[in-house]
């Protein structure tokens, strides 16, 4: 069975501080992994995805994530938080490319 | 290109009423999906369609039906709405590059 666990439903960081959003997954086959961002009253937008190439994936808006197979993790980071990063972030896994399993989301607050 | 569009944006129903949520995409994608988003539960797959003429149940299909009218359109029907179906509904498509999902803006449904 596939599942995604996002530790911390709410994360607060100061503007300029490191952002770290955690994601662990379980999958019976090597998965594709994703991070999506959702701004208020909008749909989800792809931030980045891992597709079995480089383990360190760079996405939009300065975000990146590292695939660690031994830890079954795909944590999202950004060196310096900006006010515009305040949003909900979802980690997702797709073992087959047909179905996608989402985590419960992490709401990021950026404190001025 | 409009991408993925959904109608209506917001709907209020009384228990027992029926309605159809519409989704259309102009991206020429084969796969289309319906999710519901509830607080603290992330996105859960209701139904998906890998191609025109095929549909499959997802994680939470009970109380819903779908129709893949053609390649562009994928509708979700609630035959007899229940308060438990109060949610935000998202339509999504998947492109040829495995795993990149494109989401519509969502439909907010309130069932009284």
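Chains as they are written, first to last, in the numbering used here: chain A, 360 to 471; chain B, 3 to 114.
No residue lacks a Cβ here, since even glycine has one placed at the ideal position from N, Cα and C.
Fair warning: this is a prediction, and the values are worked out from it, not measured in the lab.
Where DSSP assigns a beta bridge to residue i, which residues make up the other side?
| i | result |
| --- | --- |
| residue 369 of chain A | A/466 |
| residue 34 of chain B | B/51, B/95 |
| residue 12 of chain B | B/110 |
| residue 423 of chain A | A/417, A/436 |
For the ligand MG, I want to know if residue i counts as a neighbour, meaning its beta carbon is within less than 8 Å of at least one of the ligand's heavy atoms.
| i | result |
| --- | --- |
| residue 58 of chain B | Among the components of this structure there are no ligands whatsoever, and the ligand MG is therefore not found. |
Going by alpha carbons, who is nearest to residue i out of the options?
| i | options | result |
| --- | --- | --- |
| residue 468 of chain A | A/377, A/363, A/364, A/362 | A/377 |
| residue 466 of chain A | A/452, A/422, A/455, A/396 | A/396 |
| residue 368 of chain A | B/37, B/29, B/26, B/41 | B/41 |
| residue 421 of chain A | A/386, A/412, A/406 | A/406 |
| residue 532 of chain A | A/410, A/442, A/423, A/364 | Since the displayed chain A opens at 360 and closes at 471, residue 532 of chain A lies outside it and no answer follows. |
| residue 77 of chain B | B/7, B/24, B/11, B/8 | B/24 |
| residue 463 of chain A | B/58, B/46, B/69 | B/46 |
| residue 38 of chain B | B/88, B/73, B/18, B/98 | B/88 |
Quick one: what's got a C-beta closer than 6 Å to residue i's C-beta in the same chain, skipping five residues either side?
| i | result |
| --- | --- |
| residue 79 of chain B | 22, 67 |
| residue 14 of chain B | 112 |
Ignore the nearest five residues each way along the sequence and tell me which others in residue i's own chain have a CB closer than 8 Å to its CB.
| i | result |
| --- | --- |
| residue 459 of chain A | 393, 451, 452, 453 |
| residue 5 of chain B | 27, 28, 29, 104, 106 |
Taking any Cβ of chain B, which residues in the stretch 391-409 of chain A have a Cβ under 7 Å from it, in chain order? 391, 393, 401, 402, 403, 405, 408
message: Beta carbons nearer than 7 Å to chain A: which residues of the stretch 94-110 of chain B have them?
response: 100, 101, 102, 103, 105, 106, 107, 108
Listed from N- to C-terminal order along the chain, which residues in the stretch 450-470 of chain A have their beta-carbon within a distance smaller than 7 Å of any beta-carbon of chain B?
453, 456, 457, 458, 459, 461, 462, 463, 464
Chain-ordered residues of the stretch 373-388 of chain A with a beta carbon less than 7 Å from chain B: none
What are the residues in the stretch 60-84 of chain B lying within 8 Å of chain A by C-beta distance? 60
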